[in-house]
Amino acid sequence: MAESALLINTDTHQIVYAKNPQERMYPASITKIMTAVVLLESVEDLDATTATASSVAIDVLEGTDSSIAGIQVGDTFTMRELLYAMMVPSGNDAANVIADALGPGIPAFVEKMNAKAQELGLENTHFTNAHELFDEQHYTTAEDIAVLAQYAMENDTFREAVAQTE
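Under the working numbering, residues 423 to 588 are what the sequence shown spells out, in order.
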């Protein structure tokens, strides 16, 4: 059973169910929603903008079994390809390539994620990476996730990406 939950009717914006909605929790792959938001707000043309996987982006994930997209150092992709590789199979490698390219550098990208969280009023959210790997200072709440998810779903490209099954 979940320790924290929040169910909202997206038509009426009324809370249907809440259980500890302000309790800080590890966000896991929810992190990638914010990574996608920052990507989509930073890049005007996802098909014309490319990124090449650096060792900085890929090597940090070695041994974590989280490089689902199978990206290798030197591989080049469009931002749309990286968005889909991150959101469909939950590729941490794709998230890191995005962050490294757009930061520029992963730490700068994470700063952008935290700035966006503040802008959205996510008072109990803090990111330490663009993918999802555990860190004690990497947290959010069900309440903040609800705000972030609703915001992300307003973006047509985000909705198209997360609607894919493969």
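Beta carbons are placed, not taken as given, at the ideal position from N, Cα and C, and that holds for glycine.
If we count the other Cβ atoms within 10 Å of its Cβ and call it buried at 16 or more, is residue i buried or exposed?
i: K534; result: buried
i: E541; result: exposed
i: R581; result: exposed
i: G543; result: exposed
i: P443; result: buried
i: A552; result: buried
i: A521; result: buried
i: E588; result: exposed
i: T457; result: buried
i: A568; result: buried
i: A585; result: exposed
Take residue i and list the residues in its own chain whose beta-carbon comes closer than 7 angstroms to its own, dropping the five residues that flank it on each side.
i: Y439; result: A427 and L429
i: G525; result: F531
i: Y448; result: F556, H560 and Y561
i: N431; result: V438
i: D566; result: L544, N546 and T547
Pick helix, strand or coil for residue i, following the three-state DSSP scheme.
i: L542; result: coil
i: I490; result: coil
i: Q559; result: coil
i: A552; result: coil
i: L524; result: helix
i: Q572; result: helix
i: V482; result: coil
i: T474; result: strand
i: V438; result: strand
i: N518; result: helix
Please report the straight-line C-alpha distance between residue i and residue j, rounded to a whole angstrom.
i: K441; j: T562; result: 14 angstroms
i: L504; j: G513; result: 9 angstroms
i: S477; j: M575; result: 32 angstroms
i: N536; j: F549; result: 6 angstroms
i: E558; j: L462; result: 27 angstroms
i: V482; j: Y506; result: 21 angstroms
i: I528; j: T453; result: 14 angstroms
i: D372; j: Q436; result: The displayed coordinates of the chain run from 423 to 588. Any statement about residue 372 would go beyond what the structure contains.
i: M509; j: S451; result: 9 angstroms
Residues in its own chain within less than 8 angstroms of residue i by CB, not counting five upstream and five downstream?
i: I480; result: S489, I493, Q494, V495, D515, N518 and V519
i: T486; result: N514 and L555
i: E445; result: E425, S426, T563 and A564
i: Y573; result: V459 and L542
Quick one: residues in its chain with C-beta nearer than 6 angstroms to the C-beta of residue i, no 5 flanking neighbours on either side, listed in chain order?
i: A475; result: I493, V495, D497 and V519
i: A539; result: T547
i: V465; result: T471 and M501
- Message: Quick check on the DSSP output: what are the complete alpha helix (DSSP H) runs of length 4 or more inside the segment 441-469, in order along the chain?
- Response: Counting whole runs of 4 or more residues, the segment 441-469 contains the alpha helix (DSSP H) stretches 453-464.
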